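Protein sequence lines correspond, in order, to chains A and B. Quick note on numbering: our numbering labels position 316 of the first sequence as 310, and the sequence is numbered without any gaps. Quick note on numbering: our numbering labels position 202 of the second sequence as 196, and the sequence is numbered without any gaps.
There are 2 protein chains.
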Amino acid sequence: MTFPQVSQTYKDPYNYPEGIAFQEGQYLLMKDAKVSVLDWGFLHSDATYDTVHVWDGAFFRLDLHLDRFFAGLEKLHMSIPFDRSQVADILANCVALSGHRNAYVEMICTRGGSPSFSRDPRDAANRFIAFAVPYGSVANAAQMERGLRIAISDVVRIPPKSVDPSIKNYHWLDLVRGLYDAFDRDAETALLLDTDGNIAEGPGFNVFAVKGGSLRTPQFGVLPGITRRTVFDLCTMLDIDVGVGNVSPDALKTADEVFITSTAGGIMPVSSVDETRIGNGRPGPVTGKIKALYWDMHKDPTWSTVVAFPEDVRGASSRPM
Amino acid sequence: MTFPQVSQTYKDPYNYPEGIAFQEGQYLLMKDAKVSVLDWGFLHSDATYDTVHVWDGAFFRLDLHLDRFFAGLEKLHMSIPFDRSQVADILANCVALSGHRNAYVEMICTRGGSPSFSRDPRDAANRFIAFAVPYGSVANAAQMERGLRIAISDVVRIPPKSVDPSIKNYHWLDLVRGLYDAFDRDAETALLLDTDGNIAEGPGFNVFAVKGGSLRTPQFGVLPGITRRTVFDLCTMLDIDVGVGNVSPDALKTADEVFITSTAGGIMPVSSVDETRIGNGRPGPVTGKIKALYWDMHKDPTWSTVVAFPEDVRGASSRPM
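Here it is in structure tokens:
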């Protein structure tokens, strides 16, 4: 009888996107950014995070993302050895070192673990991770042009009585099941319901219905998205009426326009919900107006934070960590 | 202006429990067993797993754990390049190489990822991980002796309409919140409610109430635990009546005995629920009888699978992987 040998190093056969991560004071290539399989952030999804994007070399609304991340830490009884400005510096370093002018940037805190593998979360040393990879979108270029085909799943989004949706979290098995339901029905993404049968949210996005020139978005059981909040702000600037409340499946299907919002893609038009064509089946004018202003505002210094890249900085040098 | 350097290797400052893991054909020390931060098993908790224990050198009811794990894979549209007997061999190798005669053994499948960081789960290459670490228990030795102090949280366990509880999963933020609620109330662990206000389950365990010699355990919205199922089997052997159905908080508090069940600890007595002392505040006779048979059955070959350890095997040798 023979036993296998224990390898002294792990040979990773996978390829990863180009980017830079930060863990424990070290900046790493994405292929080296890993979490212990014993971290409760993995084994119990006991973690919170936030995602901010960089467009044309500048963070968009970074302050709001930092607000939400630090609020989540407190609600989960977690702490990290960095304050807001230090986290902002780490994120900027990840982006600068990655060279990505359009980046998807994530900050994460996991419960961590203890050498004894204790199940008591108070025994764990929390761990902070950040990374920057190329910007990604929920909708691809063709879908942005023609609008997404979306299906309403009968899966109920994990309710607030179970998990506080204001803590941005990785509990996605309901959303993943919704996605597979949508694929079975020849749709491209999904919306889940709340516990009352109204529309909640989809995998990584909020949804808006436009009817008679007014906007409405679900209130209950959804992540208070930063892009959703940005739509409220843009509507104030555009003098468009926007309301928060229940949105039934029927209300969504009879809307003049429907769009979804996410840091990953911004304002994305929807052309059909289940079998129902929305409006004339093309992205509508209100969606277009909000989307245009959304991207215009990326150049406004009130909502953006410019990242200094090594190649922009005269005499830039690396310092050893 | 200076930028930090990118490190070519990650220096991990943490200590991990002794044990052996398996990833991608390689057996590794626990400190080297890691998941990419980009794996959807981490970023979306899009994963399933099972935990089996080894006691005195033998797996306990390994077949049932493999059944549940493979059923979960299918429900999540995941696949691994190993069949049941290959997974059993990998788990046995992890245990044998770890040297742990009493071990906590986990098999995991994550959604994985794609080089493009695609959000479509169908684009991901699923990843299988296994590990063996020292046996751990929900209750420590003192708590086993005197019974656990448990609190009923008002958090509702993630309902089946959101996540199918028969797919063993890492969605624990509700359970973690319940734990902190319990700590605030000077209890040691927590029970969560179902959507109707009845008792569901706790962090990693099912619960049983004993009343007038009969057992009852919640039916709705709970993981169908292997130790729970084993209690049903033991009750048949002991000619004890056991029922599955709603268990209200009041029914639990007025029970003669209460115990919890988990692969991590087996049959564990509860001495108080909230402010209420259960029975005479000591582990009761029915709990004791079931617990004794539970451990006796670990020696029965019908429910156990002996692991061959290198030191047991004459002429054992390692072969390069």
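Note that beta-carbon positions come from the ideal geometry of N, C-alpha and C, so glycine has one too. All values derive from a computational prediction rather than experimental measurement.
Go through the segment 25 to 64 of chain A residue by residue and report every complete run of the beta strand (DSSP E) that reaches 3 residues or more, in order.
28 to 30, 41 to 49, 52 to 54
Between His71(B) and chain A, is the shortest Cβ-Cβ distance under 8 Å, so that the two count as touching?
Looking up residue 71(B) in the second sequence gives position 77. Answer yes: the Cβ-Cβ gap between His71(B) and chain A drops below 8 Å somewhere.
Which runs of the alpha helix (DSSP H) at least 4 residues long sit entirely within the segment 152 to 192 of chain B? Give them in chain order.
167 to 178
Could you tell me the alpha carbon to alpha carbon distance between Ser30(B) and Gly206(A), rounded to whole angstroms?
One-based indexing of the second sequence puts residue 30(B) at position 36. One-based indexing of the first sequence puts residue 206(A) at position 212. Their backbone Cα atoms lie some 47 Å apart in a straight line.
Which residues of chain A have a Cβ atom closer than 7 Å to the Cβ of Leu173(B), listed in chain order?
Taking the first residue of the second sequence as 1, we reach residue 173(B) at position 179. Per Cβ cutoff of 7 Å: Pro115.
Pick out whichever of Pro115(A), Pro263(A), Ser79(A), Ser1(A) has its Cα sitting closest to the Cα of Pro279(A).
Residue 279(A) sits at position 285 when you count from the first residue of the first sequence. That would be Pro263(A), whose Cα lies nearest to the Cα of Pro279(A).
Should Ala119(B) and Ser108(B) be called a contact, given that it needs their Cβ atoms to be closer than 8 Å?
Counted from its first residue, the second sequence places residue 119(B) at position 125. Counted from its first residue, the second sequence places residue 108(B) at position 114. A contact, by the Cβ cut-off of 8 Å.
Go ahead and pull the three-state DSSP assignment for Phe226(A).
In the first sequence, residue 226(A) corresponds to position 232, counting from 1. Helix at Phe226(A).
Ser30(A) at chain B interface by Cβ criterion, 8 Å:
Mapped onto the first sequence, residue 30(A) falls at position 36. With 8 Å as the cut-off, Ser30(A) counts as an interface residue toward chain B.
Minimum Cβ-Cβ distance from Trp49(B) to chain A less than 8 Å
Within the second sequence, the letter at position 55 stands for residue 49(B). So, not an interface residue.
Just how far apart, CA to CA, sit Ser298(A) and Phe53(A)?
Numbered from its first residue, the first sequence carries residue 298(A) at position 304. Numbered from its first residue, the first sequence carries residue 53(A) at position 59. Each residue's Cα considered, the two are about 5 Å apart.
With distance defined between alpha-carbon atoms, name the residue in Val238(A), Asp235(A), Ala90(A) nearest to Val99(A).
Position 105 of the first sequence, counted from the first residue, corresponds to residue 99(A). Comparing Cα positions, the closest option is Ala90(A).
Cutoff 8 Å: Ile14(A) Cβ touching any chain B Cβ:
Locating residue 14(A) in the first sequence gives position 20, counting from the first residue. Cβ-Cβ to chain B under 8 Å: yes for Ile14(A).
Going by beta carbon distance, what residues of the same chain come within less than 8 Å of Leu217(B), once the five residues before and after it are set aside?
Position 223 of the second sequence, counted from the start, is the residue given in the question as residue 217(B). So the list reads Pro159, Ser160, Lys162, Glu195, Asn200, once near-sequence residues are dropped.
Let me know the secondary structure DSSP gives Asp148(A) once reduced to three states.
For the purposes of this step, residue 148(A) is taken as residue 154 along the first sequence, with counting starting at 1. Residue state, collapsed to three classes: strand.
For Asp168(B), which residues from the same chain have a beta carbon less than 8 Å from its beta carbon, with the 5 sequence-adjacent residues on both sides left out?
Locating residue 168(B) in the second sequence gives position 174, counting from the first residue. Within the same chain, Asp168(B) has close Cβ partners Val149, Val150, Arg151, Ile152, Leu186.
Taking the beta strand (DSSP E) that Arg121(A) falls in, what are its first and last residues?
The residue labelled residue 121(A) in the question sits at position 127 within the first sequence. Segment 119 to 128, the beta strand (DSSP E) holding Arg121(A).
Just reading off the beta strand (DSSP E) that Leu91(B) is part of, what are its end residues?
The residue you call residue 91(B) lines up with position 97 of the second sequence. It is not in any beta strand (DSSP E) - Leu91(B) instead sits in the alpha helix (DSSP H) that spans 78 to 92.
In angstroms with no decimal places, state the Cα-to-Cα distance between Ile193(A) and Gly215(A).
Numbered from its first residue, the first sequence carries residue 193(A) at position 199. Numbered from its first residue, the first sequence carries residue 215(A) at position 221. Approximately 10 Å, taken between the alpha carbons.
Name, in chain order, the residues that DSSP records as bridge partners for Val99(A).
By one-based count along the first sequence, residue 99(A) stands at place 105. Partner(s): Val46(A), Ala126(A).
Answer with yes or no whether the minimum CB distance from Arg151(A) to chain B is below 8 Å.
Your numbering for residue 151(A) matches position 157 in the first sequence. So, interface residue.
Report buried or exposed for Gly19(A), applying the criterion of at least 16 other Cβ atoms within 10 angstroms of its Cβ.
Translated into the one-based positions of the first sequence, residue 19(A) becomes position 25. Looking at its Cβ environment, which holds fewer than 16 other Cβ atoms inside 10 Å, Gly19(A) is exposed.
Please state whether DSSP places Thr281(B) in a helix, a strand or coil.
Counting from 1 along the second sequence, the entry for residue 281(B) is found at position 287. Residue state, collapsed to three classes: helix.
Considering only DSSP beta bridges, list what Thr316(B) is partnered with.
Residue 316(B) lies beyond the residue range present for chain B, which begins at -5 and ends at 315; the question has no answer from this structure.
Compare the C-beta of Trp166(A) against all C-beta atoms of chain B and say whether one is closer than 8 Å.
Walking along the first sequence from the start, residue 166(A) turns up at place 172. Yes, Trp166(A) counts as interfacial toward chain B.
Can you find at least 3 beta carbon pairs, one from the segment 1 to 17 of chain A and one from the segment 117 to 132 of chain A, that sit closer than 8 Å?
yes
If you pair each beta-carbon of the segment 168 to 178 of chain A with each one of the segment 283 to 297 of chain A, do three or more pairs fall below 8 Å?
no
Anyone know if the C-beta pair for Val104(A) and Leu142(A) falls short of 8 Å?
In the first sequence, the residue the question calls residue 104(A) occupies position 110. In the first sequence, the residue the question calls residue 142(A) occupies position 148. According to the sequence displayed, residue 104(A) carries Thr and not Val. In this structure, Leu142(A) does not lie closer than 8 Å to Thr104(A) by Cβ.
Starting from the beta carbon of Leu22(B), find every residue of chain A whose beta carbon is closer than 9 Å, and list them in chain order.
For the purposes of this step, residue 22(B) is taken as the residue at position 28 of the second sequence. Within chain A, the residues near Leu22(B) are Val0, Ser1, Gln2, Thr3, Tyr4.
Where does Val307(A) land, buried or exposed, given buried means 16+ other C-beta within 10 angstroms?
Along the first sequence, read from residue 1 onward, the residue named residue 307(A) stands at position 313. So Val307(A) counts as exposed.
Which residues bound the alpha helix (DSSP H) around Ala245(A)?
Counted from its first residue, the first sequence places residue 245(A) at position 251. From DSSP, the alpha helix (DSSP H) with Ala245(A) extends over 243 to 247.
Would a check of beta-carbon distances place Gln17(B) closer than 8 Å to chain A?
Residue numbering aside, residue 17(B) sits at position 23 when the second sequence is read from its first letter. Yes, Gln17(B) counts as interfacial toward chain A.
With contact counted as at least three CB pairs below 8 Å, one residue from each stretch, are the segment 248 to 267 of chain A and the segment 34 to 53 of chain A in contact?
yes
Would you mind working out which of Glu251(B), Asp180(B), Phe36(B), Ala82(B) sits nearest Lys283(B), comparing C-alpha positions?
As a working note, residue 283(B) is residue 289 in the second sequence. Cα-wise, what sits closest to Lys283(B) is Glu251(B).
On the DSSP letters alone, give me the boundaries of the beta strand (DSSP E) that Gln339(A) sits inside.
Examination of residue 339(A) is not possible in this model, given that chain A is present from -5 through 315 alone.
Spell out the partners DSSP gives Ser208(B) in its beta bridges.
Your numbering for residue 208(B) matches position 214 in the second sequence. Answer is Lys205(B), bridged to Ser208(B).
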